[in-house]
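Chains as they are written, first to last, in my numbering: chain E, 1 to 274; chain Z, 275 to 679. Yeah, the Cβ is synthetic: ideal placement off N, Cα and C, and Gly gets one too.
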Amino acid sequence: MPNKRRLKICRQDRVWDVDSDMPELDKNRLLYTEHLTKTYTMGDIQVHALRGVDVTINTGEFIAIMGASGSGKTTFMNLLGCLDKPSSGAYFLDEIAVHGMSDAELTVIRNQKIGYVFQSFYLLPRTTALENVELPLLYCKKCSLHERHEKAMHALGTVGIAERAKHFPNQLSGGQQQRVAIARAIVNDPVFILADEPTGNLDTRTSIEVMAVFQALHKQGKTIVLVTHENDIAQYADRLISFRDGRIISDKANPAPRSATEDLKLLPKLDEED
Amino acid sequence: MSILGIIRIALKSLMRNKTRTFLTMLGIIIGVAAVITMLAIGQGAKKIVEEQVNSMGTNVIVVSVNFSQSGSNVRQAAGSGNLLEVEDVDAIRDQIDGVLYASPVYTTFGQLKYEGNNWRTGVMGVDADYFYIRDMKTSSGELFHASDVENGAKVCLIGKTVADNLFGDVDPVDKIIRIRNIPFTVKGVLAAKGQNVMGNDQDDTVIAPYTTTYARLLGHRWRNMMVLVSAESKDAIQLVQQDILDLLQSRHRGTTSEEFAVRTQTDLADTANSVSNTLTILLASIAGISLLVGGIGIMNIMLVSVTERIKEIGIRMAVGAGKRDVLLQFIIEAVAISILGGILGILLGFGAAKIVGDIMKWSIAVTPWSVILSVGFSMAIGIFFGWYPASKAANLNLIDALRYE
Chain E
1 MPNKRRLKIC RQDRVWDVDS DMPELDKNRL LYTEHLTKTY TMGDIQVHAL
51 RGVDVTINTG EFIAIMGASG SGKTTFMNLL GCLDKPSSGA YFLDEIAVHG
101 MSDAELTVIR NQKIGYVFQS FYLLPRTTAL ENVELPLLYC KKCSLHERHE
151 KAMHALGTVG IAERAKHFPN QLSGGQQQRV AIARAIVNDP VFILADEPTG
201 NLDTRTSIEV MAVFQALHKQ GKTIVLVTHE NDIAQYADRL ISFRDGRIIS
251 DKANPAPRSA TEDLKLLPKL DEED
Chain Z
275 MSILGIIRIA LKSLMRNKTR TFLTMLGIII GVAAVITMLA IGQGAKKIVE
325 EQVNSMGTNV IVVSVNFSQS GSNVRQAAGS GNLLEVEDVD AIRDQIDGVL
375 YASPVYTTFG QLKYEGNNWR TGVMGVDADY FYIRDMKTSS GELFHASDVE
425 NGAKVCLIGK TVADNLFGDV DPVDKIIRIR NIPFTVKGVL AAKGQNVMGN
475 DQDDTVIAPY TTTYARLLGH RWRNMMVLVS AESKDAIQLV QQDILDLLQS
525 RHRGTTSEEF AVRTQTDLAD TANSVSNTLT ILLASIAGIS LLVGGIGIMN
575 IMLVSVTERI KEIGIRMAVG AGKRDVLLQF IIEAVAISIL GGILGILLGF
625 GAAKIVGDIM KWSIAVTPWS VILSVGFSMA IGIFFGWYPA SKAANLNLID
675 ALRYE
């Protein structure tokens with residue numbers, strides 16, 4: 001099955017290759033969108049959630065997407081994460097035209113190219129941390145049981161929670177749960193990590209801890225797209241994109257990103273959560 | 275994703291809800307057990323009927339007078355000739371090709387006495403041929419001979435029940451019992467045959483020569499007689515049946531074929547079988563309905579389970595589960611419940627069938643056919659009733675599923 005899907009993706013590649021108007025291929029370019037729009041129809045009213053977004057994201061960037069609720073940042077995130085399809089415009093991920101893909105093809109893209117971290121963790125209940133992390137591997141091409149365990153344990157180790165592998169989500173604190181979710185996001189070695197308000201449900205200290213994990217991953221070369229409405233949290237990223245009314249209103253580099261590990265040292269010592 | 279992997283996922287999620295899984299299974303367990311037991315009882319009844327019919331002897335034809343017909347007949351009058359006579363028996367034996375043996379059968383009742391003991395039972399008067407037709411043997415003593423019949427000897431054979439009741443521990447052979455106060459010498463005890471199709475005790479009987487019975491017990495008065503005939507082969511039965519009817523009509527003037535009933539073993543077997551088949555179908559369809567209800571139970575629980583796990587489905591889809599993966603997962607869950615329930619149901623059915631068999635003293639038979647049927651049926655139920663909830667799950671919108679609270 002995956003072979004068949006990949007074949008279709010290749011064909012999309014070729015379509016794009018023929019198009020000579022495309023800008024010079026940038027080695028570092030991970031994804032870019034061209035006039036991406038999304039319109040919802042609610043009864044008789046048309047809601048323009050996204051009114052034409054052009055953005056380019058390069059490999060190795062740590063981007064914070066900000067905006068108030070209703071600004072279109074969540075819609076943009078859904079499109080970026082291939083969870084939803086755009087109404088018009090183009091989206092190329094890894095030089096693959098994603099915007100015209102079928103549901104089945106998008107499923108493979110989600111599995112192979114993108115790692116998700118959600119606000120409320122979205123771990124499967126009554127399933128161990130290890131099994132939760134293994135989840136994306138279950139749905140990818142054949143991967144032996146042993147290999148799955150190894151990769152999942154490695155991912156848990158990367159986020160520093162390997163000793164909790166056999167715990168169920170309800171036995172873990174919020175911060176630990178989010179780490180498991182991050183481990184799940186990186187286990188399949190995606191091209192970028194998409195984090196939707198990953199600190200929204202966490203207290204300040206735990207939020208900074210989670211941001212420290214993201215920064216550590218970033219240092220290892222991972223591309224991270226972080227959606228947040230908290231300015232404090234956005235300051236840990238090195239590029240800030242702001243949304244308002246379905247458009248990008250600012251896109252600038254963060255000249256001096258804060259360091260989460262440094263901030264943690266400044267915080268007063270609290271009771272250790274574990 | 276491989277089917278094996280999806281099976282693992284499905285089983286794991288079933289294990290997470292053990293109680294619910296078991297309760298859902300219960301419907302199928304009871305349904306399958308009911309089907310198995312009912313079919314086993316039906317098969318058991320059929321087997322017994324077959325044994326009974328076979329125990330009558332081989333290729334047996336029973337000739338008797340149809341009372342309901344002659345009763346409404348204006349020609350009916352005493353000695354009008356539509357009754358069977360001993361001469362008819364000789365004619366059947368001598369004139370019809372394919373007849374091996376023929377014996378008259380007189381039946382009457384009598385009070386039996388041996389010393390202080392009393393027993394009332396049916397007495398049959400037969401020719402020595404009767405033993406060949408019915409394939410009768412003695413467990414002690416010996417059968418009476420043709421010469422005893424010719425001489426009108428006052429001898430008899432008794433069934434096991436009669437022996438037990440009259441003699442207890444005493445050996446009945448060569449003892450003298452009184453039937454309606456007439457002394458008969460017991461020549462032997464018949465081998466036990468057990469109950470027949472109607473539940474009558476076949477061992478509660480006394481057999482004497484028909485001559486003696488006619489002269490001593492019936493007092494030369496007219497009594498209805500039956501004729502038992504055995505054909506030489508199965509193929510000959512139909513022909514012999516027709517020939518007997520023709521012969522009797524020619525021997526008894528002015529009678530119609532309806533006045534004689536010439537029934538074969540096969541007729542009896544067919545009647546008994548059709549009764550037990552109807553019963554089996556009735557029982558099995560009631561059991562089938564309970565299986566259907568069990569299936570609807572599965573669908574119900576699966577629908578609840580899908581609603582309950584919308585978020586889980588969303589997460590799985592977000593990390594790369596396709597429609598097919600989700601569809602298969604839920605169908606496999608439903609099928610696993612029904613197959614596991616089916617297996618437990620079969621075991622329960624075996625147990626129930628055995629208990630019923632022990633209580634009814636039947637040789638209850640669970641046929642492999644009924645096992646295959648109920649496993650296949652329960653699997654089909656799983657797929658059928660699992661499909662709707664599964665497709666509901668697979669067609670969820672990803673964003674809605676993720677945001678579902």
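The C-beta distance from Asp196/E to Phe118/E rounds to 5 Å, short enough to fall under 8 Å. In the DSSP assignment, Leu502/Z forms a beta bridge with Val336/Z, Ser377/Z.
Proximity of Ala104/E to chain Z, defined by a Cβ-Cβ separation below 8 Å, is satisfied. Secondary structure within the stretch 166-236 of chain E: the beta strand (DSSP E) runs of 3 or more consecutive residues, fully enclosed, are 192-196, 224-227 (chain order).
Counting the other Cβ atoms within 10 Å of the Cβ of Arg126/E gives fewer than 16, which makes it exposed. One alpha carbon belongs to Val514/Z, the other to Phe458/Z, and they sit about 36 Å apart. Using beta-carbon distances, Lys666/Z does not count as an interface residue toward chain E, since no partner is under 8 Å. For Thr554/Z, the three-state secondary structure derived from DSSP is helix.
Around the beta-carbon of Tyr40/E, fewer than 16 other beta-carbon atoms lie within 10 Å, marking it exposed.
The straight-line gap separating the alpha-carbon atoms of Gln476/Z and Asn291/Z is approximately 57 Å. Sequence-ordered contacts of the stretch 118-143 of chain E with chain Z read Tyr122, Leu124, Arg126, Leu135, Pro136, Leu138, Tyr139, Cys140, Lys142 [C-beta pairs closer than 7 Å]. Beyond the five residues adjoining it in sequence on each side, Asn391/Z comes within less than 8 Å, by CB distance, of Asn439, Leu440, Phe441, Gly442 in the same chain, given in chain order. Excluding residues up to 5 positions away in sequence, Ala608, Val609, Ser612 lie with their Cβ nearer than 6 Å to the Cβ of Gly656/Z in the same chain. Assignment of Trp393/Z by DSSP, reduced to helix, strand and coil, places it in the strand class. Note: Asn58/E is bridge-paired with Arg29/E in the DSSP secondary-structure output.
Within the DSSP bridge table, the entry for Tyr388/Z names Asn391/Z as partners.
The beta carbon of Glu586/Z sits closer than 8 Å to some beta carbon of chain E. DSSP places His146/E in the helix class (H, G or I) of the three-state scheme. Excluding five sequence positions before and after Ala185/E, the CB atoms of its chain that fall closer than 7 Å to its own CB belong to Gly115, Tyr116, Val117, Ile193, given in chain order.
The bridge partners DSSP lists for Pro457/Z are Arg452/Z. Residue nearest to Asn474/Z within the set Ala307/Z, Leu672/Z, Ser287/Z, Val323/Z is Val323/Z (criterion: CA-CA distance). Thr298/Z is positioned such that its CB atom lies no closer than 8 Å to that of Gly623/Z.
Interface with chain E (8 Å Cβ-Cβ cutoff): Ala592/Z is included. Spanning the alpha carbons of Ala234/E and Leu300/Z requires a straight line of approximately 54 Å. With its beta carbon less than 8 Å from one in chain E, Arg290/Z belongs to the interface.
Nearest C-alpha to Leu502/Z among Ser276/Z, Trp661/Z, Leu491/Z, Met398/Z: Met398/Z. With a 10 Å radius around the Cβ and a threshold of 16 neighbouring Cβ atoms, Met42/E comes out exposed. Taken through DSSP and simplified to helix, strand or coil, Glu34/E comes out as strand.
Going by beta carbons, Ile302/Z and Ser652/Z fall inside the 8 Å limit. In this structure, Ala319/Z keeps its C-beta atom at 8 Å or more from the C-beta atom of Val640/Z. By the CB criterion at 8 Å, Lys166/E and Leu130/E fall inside the cutoff. The secondary-structure analysis by DSSP pairs His48/E across a beta bridge with Thr39/E. Nearest CB-CB separation between Ile589/Z and chain E: below the 8 Å threshold.
Counting the other Cβ atoms within 10 Å of the Cβ of Ile280/Z gives 16 or more, which makes it buried. If only uninterrupted alpha helix (DSSP H) runs of at least 4 residues are considered, those enclosed by the stretch 110-148 of chain E are 129-138. Boundaries of the beta strand (DSSP E) harbouring Pro483/Z: 479-483, taken from the DSSP string.
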